[in-house]
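Take the sequence shown: its letter number 203 is residue 203 in full-length UniProt numbering, and every next letter is one higher.
Backbone N, C-alpha and C fix where the C-beta goes; we use that ideal spot for every residue, glycine too.
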Amino acid sequence: MDKQNVQMNDPHPGTQLPGGYPPEYPLAAFPGPPGYTGYPGTQAGYPVPPAGYSGAGPVGFPVPYQPVTSQAGGPTGVPWMPAPSPPLNCPPGLEYLSQIDQLLIHQQIELLEVLTGFETCNKYEIKNSLGQRIYFAAEDTDCCTRNCCGPSRPFTMRILDNMGREVITLERPLRCTSCCFPCCLQEIEIQAPPGVPVGYVTQTWHPCLPKFTLQNERREDVLRLTGPCIVCSCCADVDFEIKSLDDKYVVGKISKQWTGLVRELFTDVDNFGIQFPLDLDVKMKAVMLGACFLIDFMFFEMTRSEQRAGVW
């Protein structure tokens with residue numbers, strides 16, 4: 001009850017860390033670094049993006065945010081995370097992930113969807129533990145697909161950095177959603193930069209538990225992801241554990257945060273937290289981010305009418 005009161009009284013709901021997520025950095029302002037000139041180029045040893053890739057979203061795709069600073073006379077708004085120096089062989093744009101061990105994913109409320117139940121494209125803010133914005137994610141699907149296929153719909157998720165550049169693309173094909181059929185299971189491909197796969201998340205058949213395998217770009221198994229038998233909980237978070245291949249060690253988790261009774265009942269807006277080792281390969285951190293979106297659509301992307309009818 002205390003946790004819920006804290007979230008409801010917070011001036012910026014949805015920015016609270018789930019249980020077990022201690023702040024990684026001291027609470028201090030992070031202005032842009034001196035001499036910061038923007039987005040770094042392709043790193044040595046990393047594949048060049050395919051021909052025709054421009055680094056931005058599709059035609060007409062909005063640039064959601066512009067970077068803001070705390071300098072006097074500058075623009076104001078949500079603070080942005082300055083880009084650190086990219087590590088060796090780091091895909092462009094993933095250098096933001098090299099210095100963090102937590103991510104917070106906040107889905108934005110769509111007024112049209114709340115009022116009418118008409119499914120719109122999902123949009124998400126991706127932040128670090130200080131609430132600094134790292135990425136912005138937006139679903140790219142057509143109206144017919146969203147409203148006919150529902151949560152099972154195939155989608156392209158475009159993830160942009162604070163400079164408006166598309167740095168990660170998630171591709172989810174149309175697959176079977178029934179646990180009774182051990183074929184054509186769920187899968188999502190993670191590309192960074194767009195067109196260059198860096199990993200995959202594939203569902204592992206199990207009659208009761210949500211199970212997934214996290215793979216690298218060569219489709220080699222790296223980690224396991226396991227959720228609870230019942231993927232819903234009233235007034236509590238739902239945790240999906242990230243484990244080693246032998247299931248002996250827990251190396252992280254993806255938590256669906258409880259957002260309050262009103263939001264849970266009348267919207268399909270969800271908040272997630274991801275925890276992973278600080279020294280984990282940035283490509284696998286991006287794969288975990290893709291796993292989070294797949295989990296959201298598979299288990300928590302229900303329409304308002306379904307929720308009110310008691311389909312949890």
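Beta-carbon contacts of residue i that lie in its chain and below 6 Å, excluding the five residues immediately before and after
{"i": "His206", "result": "none"}
{"i": "Asp140", "result": "Thr156 and Arg158"}
{"i": "Cys208", "result": "Cys229"}
{"i": "Ile274", "result": "Leu103, Ile254, Met288 and Cys292"}
{"i": "Phe272", "result": "Ile105, Lys256 and Cys292"}
{"i": "Cys148", "result": "none"}
{"i": "Asp239", "result": "Lys253 and Ser255"}
{"i": "Tyr124", "result": "Ile105, Gln107 and Ala137"}
{"i": "Leu297", "result": "It is worth fixing the name first, because residue 297 is Phe in this sequence and not Leu. Hits under 6 Å: Pro151."}
{"i": "Leu27", "result": "Per-residue confidence for Leu27 stands at a pLDDT of 37, beneath the threshold of 50, marking its modelled position as unreliable; the derived number appears in the next sentence. Excluding residues within five positions, none has a Cβ falling inside 6 Å."}
{"i": "Phe299", "result": "Val231"}
{"i": "residue 332", "result": "Because the chain here runs from 1 to 312, residue 332 falls outside it and cannot be looked at."}
Residue i versus residue j - alpha carbon distance
{"i": "Gln93", "j": "Ser152", "result": "Sequence inspection shows Gly at residue 93; the Gln mentioned does not correspond to that position. So the two alpha carbons sit approximately 29 Å from each other."}
{"i": "Leu103", "j": "Trp80", "result": "14 Å"}
{"i": "Pro87", "j": "Asp281", "result": "10 Å"}
{"i": "Gln132", "j": "Val78", "result": "7 Å"}
{"i": "Pro182", "j": "Cys176", "result": "9 Å"}
{"i": "Tyr96", "j": "Ala83", "result": "6 Å"}
{"i": "Leu111", "j": "Tyr249", "result": "42 Å"}
{"i": "Gln191", "j": "Glu171", "result": "8 Å"}
{"i": "Lys243", "j": "Asn162", "result": "31 Å"}
{"i": "Val231", "j": "Gln108", "result": "22 Å"}
{"i": "Gln186", "j": "Ser85", "result": "35 Å"}
{"i": "Ile134", "j": "Asp247", "result": "31 Å"}
{"i": "Val167", "j": "Ile295", "result": "21 Å"}
{"i": "Lys127", "j": "Arg219", "result": "28 Å"}
{"i": "Ser129", "j": "Ser98", "result": "14 Å"}
{"i": "Gly199", "j": "Cys144", "result": "29 Å"}
{"i": "Thr169", "j": "Asp270", "result": "20 Å"}
{"i": "Asp142", "j": "Ala286", "result": "25 Å"}
{"i": "Asn122", "j": "Gly227", "result": "23 Å"}
Cβ-based neighbour list, residue i, same chain, cut-off 7 Å, excluding 5 preceding and 5 following
{"i": "Val222", "result": "Leu214, Gln215, Asn216 and Met284"}
{"i": "Ala291", "result": "Val201, Phe212, Leu214, Leu225 and Ile254"}
{"i": "Thr204", "result": "Lys211, Phe212 and Thr213"}
{"i": "Asp101", "result": "Glu24, Gln275, Phe276, Pro277 and Leu278"}
{"i": "Cys184", "result": "Arg175 and Cys176"}
According to DSSP, residues forming a beta bridge with residue i
{"i": "His106", "result": "Glu125 and Asn271"}
{"i": "Gln191", "result": "Thr169 and Pro197"}
{"i": "Thr213", "result": "Thr202 and Arg224"}
{"i": "Gln257", "result": "Asn271"}
{"i": "Thr156", "result": "Asp140 and Glu171"}
{"i": "Phe240", "result": "Ile254"}
{"i": "Tyr135", "result": "Ile126 and Asp161"}
Endpoints, alpha helix (DSSP H) assigned at residue i
{"i": "Ile295", "result": "Val282 to Ile295"}
Sequence-distant residues of its chain with Cβ nearer than 8 Å to residue i (five each side left out)
{"i": "Tyr53", "result": "The predicted model places Tyr53 with a pLDDT of 49, which falls under 50 and marks its position as unreliable, so this point remains unresolved."}
{"i": "Pro197", "result": "Glu189, Ile190, Gln191 and Glu217"}
{"i": "Val251", "result": "Leu223, Ile242, Lys243, Ser244, Phe276, Pro277 and Leu280"}
{"i": "Leu174", "result": "Cys149, Ser152, Arg153 and Pro154"}
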